[in-house]
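Colleague:
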Amino acid sequence: MKHRDLLPGRQFLGRVEKGEDMLEAFTGFARRQQIRLATITGIGALQKARISMYDQEKKSYNVMEINEETELTALLGNLSLKDGEIFCHLHATLTDADGKAWGGHVCDGCIVFALEFEIRELMGEDFHRMPDEDTGLALWEM
Amino acid sequence: MKHRDLLPGRQFLGRVEKGEDMLEAFTGFARRQQIRLATITGIGALQKARISMYDQEKKSYNVMEINEETELTALLGNLSLKDGEIFCHLHATLTDADGKAWGGHVCDGCIVFALEFEIRELMGEDFHRMPDEDTGLALWEM
Amino acid sequence: MKHRDLLPGRQFLGRVEKGEDMLEAFTGFARRQQIRLATITGIGALQKARISMYDQEKKSYNVMEINEETELTALLGNLSLKDGEIFCHLHATLTDADGKAWGGHVCDGCIVFALEFEIRELMGEDFHRMPDEDTGLALWEM
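Residue numbers (this note's numbering), protein chains in the order written: chain A, 1346 to 1487; chain B, 1346 to 1487; chain C, 1346 to 1487.
1) Just how far apart, CA to CA, sit A:Gln-1378 and B:Trp-1485?
2) Let me know the secondary structure DSSP gives A:Thr-1480 once reduced to three states.
3) Who are the Cβ neighbours of C:Cys-1455 in its own chain at under 8 Å, not counting the five residues just before and after it?
4) Shorter than 7 Å from the beta carbon of A:Gln-1379 to some beta carbon of chain B?
5) Which residues of the segment 1445–1471 of chain A have a Cβ closer than 7 Å to any Cβ of chain B? Give them in chain order.
6) Given a limit of 9 Å on CB to CB distance, which residues of the segment 1393–1418 of chain C reach chain A?
7) Have a look at C:Phe-1371 and C:Cys-1433 and give me their C-alpha separation to the nearest angstrom.
8) How is C:Phe-1371 classed by DSSP in three states: helix, strand or coil?
9) Measuring only the C-alpha atoms, how far is B:Gly-1444 from B:Glu-1414?
10) Helix, strand or coil for B:Arg-1381 per DSSP?
11) Look at the Cβ atom of C:Leu-1358, then the Cβ atom of A:Leu-1467, and state whether they are nearer than 7 Å.
12) For a contact meaning CB atoms closer than 8 Å, what does B:Leu-1351 contact in chain A?
13) List, in chain order, every chain B residue whose beta-carbon is nearer than 9 Å to that of C:Lys-1347.
14) Spell out whether any CB of chain A is found under 7 Å from the CB atom of C:Ile-1431.
15) Please confirm whether A:His-1473 has its beta-carbon closer than 7 Å to some beta-carbon of chain C.
16) Please name the residue in C:Ala-1446, C:Glu-1402, C:Thr-1418 whose C-alpha comes closest to that of C:Leu-1482.
17) Just to confirm, is the Cβ distance from A:Gly-1422 to C:Thr-1418 under 7 Å?
18) Going along chain B in order, which residues have a C-beta closer than 9 Å to the C-beta of A:Ala-1370?
19) Taking the continuous beta strand (DSSP E) assigned at A:Lys-1347, which residues delimit it?
20) Please report the distance separating the alpha-carbon of A:Gly-1364 from that of A:Val-1457.
21) Can you pull the chain B residues whose beta carbon is under 8 Å from the beta carbon of A:Thr-1386, in chain order?
22) Excluding the 5 residues preceding and the 5 following B:Glu-1416 in the sequence, name in chain order all residues of the same chain whose CB lies nearer than 6 Å to its CB.
23) Could you check whether the Cβ of C:Asp-1479 sits closer than 7 Å to any Cβ belonging to chain B?
24) Taking CB distances under 7 Å as the criterion, tell me whether B:Ala-1437 reaches chain C.
25) Could you spell out where the beta strand (DSSP E) holding C:Lys-1404 opens and where it closes?
26) In chain B, what lies closer than 8 Å to C:Met-1487 by C-beta?
27) Tell me the rounded alpha-carbon separation between A:Leu-1435 and A:Ala-1383.
28) Around the Cβ of A:Gly-1429, are there at least 16 other Cβ atoms within 10 angstroms (buried) or fewer (exposed)?
29) Hey, is C:Leu-1391's beta-carbon within less than 7 Å of any beta-carbon in chain B?
30) What in chain B is Cβ-close to C:Leu-1482, meaning under 7 Å?
What follows is the structure, encoded as structure tokens:
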């Protein structure tokens, strides 16, 4: 386990509006506000979703489209740096009209119906995502 | 995306007791403590659940009753104001005896078996929920 | 509902490495750092999982093994004291290769593929887990 001890920064509470792309909305907001390190939580509903599950053997993502409306029961993620730019990493748990739950890594293409979020900034040394050979992922170098 | 920049307030850690209605417990606590703006997280187990999924076309909630015990794997939500009163909005992810996950918007009728929560108050301008014609929901006016 | 009003402590952001046991990693870290009270959130992926669902009548856990890789879409939990030692309580929501969600109480045997977490320490009176006859669980005495 690797970690850093950080200090609290700004705290934002707000909502993403109907029709916005969830991942783009968070990334754009963070870049405009220069939030270089933060955690994100949220709840809401999506018009449609695009999520992915990582194939740990093939080291590639399998993308899944959910072309129906869902409740967003848990949105958790973070903001840090990748290739020198502010980068947003989100995982979503979604439920369909029958209440059944689905989820995965959030891709472009998750269109918001309504979404309430909190972003809590952390202050300290920058966190940089770097290619990790063992997993094939871009992990924090620490 | 709309947001406000807020300051940290009080931080509460506690548990909801067996037999309490989850939504009523949080609403009652927040009103007694005058927590006007906050985020909520929690984990636990429910004796039975009543959740809903929003029908985005019909602009109405479809309620689903789960008359069996579940693990509450993710409780996320917030406290803000609606019609001048402190109002609690929660989404739950639940798993049944087979480990399968369900979830949605938390309604009255979620009876707690055990529940550990954190409430983190935020200080700043009040957040008021107002009717939003486009979605049919009561969204934060900001 | 029972609660205590607490003050913020240290804030840790980090990652659990591939091959680590999730519950052991958090417990070991918390004990080394002497984090006596905190909340935990995280997202990631597991190589395999061992979770349990509590049987509220029999007052015992039914353990379920997921011997395939999953996305960890929501990890929520806390650190407090049990039998005088720092104790970690976690609930996980996981999704399989089809995007279907599962979850429950986290047991030993959840092997991490990648995991990004935040631990937020809380300062105040210790929280002690004590046997609760009514539920059969070890709940915070408060």
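Glycine is no exception: its CB is placed at the ideal position from the N, C-alpha and C atoms.
Modeller: In short:
1) Between A:Gln-1378 and B:Trp-1485, the C-alpha separation is close to 21 Å.
2) Here A:Thr-1480 carries a coil assignment [DSSP, helix/strand/coil].
3) Cβ within range, chain order: Asp-1366, Met-1367, Leu-1368, Leu-1391, Lys-1393, Ala-1394, Arg-1395, Ile-1396, Ala-1437.
4) Cβ-Cβ to chain B under 7 Å: no for A:Gln-1379.
5) Residues Lys-1445, Ala-1446, Phe-1458, Ala-1459, Glu-1461, Glu-1463.
6) Of all residues in the segment 1393–1418 of chain C, the ones placed with a Cβ closer than 9 Å to any Cβ belonging to chain A are Glu-1414, Thr-1415, Glu-1416, Leu-1417, Thr-1418, in chain order.
7) In this structure, the alpha-carbon of C:Phe-1371 lies about 7 Å from that of C:Cys-1433.
8) In the three-state scheme derived from DSSP, where H, G and I count as helix and E and B as strand, C:Phe-1371 is classed as helix.
9) Taking C-alpha positions only, B:Gly-1444 is separated from B:Glu-1414 by approximately 11 Å.
10) Three-state result, B:Arg-1381: coil.
11) Judged by their CB atoms, C:Leu-1358 and A:Leu-1467 are nearer to each other than the 7 Å cut-off.
12) Correct list: Gln-1356, Phe-1357, Leu-1358.
13) Going along chain B in sequence order, the residues near C:Lys-1347 (Cβ under 9 Å) are Gly-1359, Arg-1360, Val-1361, Glu-1362.
14) No - not a single Cβ of chain A is within 7 Å of the one on C:Ile-1431.
15) Chain C, which has no Cβ nearer than 7 Å to the Cβ of A:His-1473, makes this no.
16) If we check each option's Cα against that of C:Leu-1482, C:Glu-1402 comes out closest.
17) Pairing A:Gly-1422 with C:Thr-1418 gives a Cβ-Cβ distance that is not under 7 Å.
18) Within chain B, the residues near A:Ala-1370 are Met-1346.
19) Here the beta strand (DSSP E) through A:Lys-1347 covers 1347–1361.
20) Answer to the nearest angstrom: the Cα atoms are 5 Å apart.
21) Those within 8 Å of A:Thr-1386 in chain B are Thr-1384, Thr-1386, Leu-1421.
22) Hits under 6 Å: Ala-1390, Thr-1440.
23) Interface annotation, C:Asp-1479: in contact with chain B, CB-CB separation under 7 Å.
24) Taking Cβ atoms only, chain C never reaches closer than 7 Å to B:Ala-1437, which makes this a no.
25) No beta strand (DSSP E) holds C:Lys-1404; DSSP gives it neither H nor E.
26) Neighbours of C:Met-1487 on chain B, chain order: Gly-1359, Arg-1360.
27) One C-alpha to the other measures close to 12 Å.
28) Around the beta-carbon of A:Gly-1429, fewer than 16 other beta-carbon atoms lie within 10 Å, marking it exposed.
29) Not closer than 7 Å to any Cβ of chain B, the Cβ of C:Leu-1391 fails to qualify, so no.
30) Scanning chain B for C-beta atoms nearer than 7 Å to the C-beta of C:Leu-1482 yields Ala-1459, reported in chain order.
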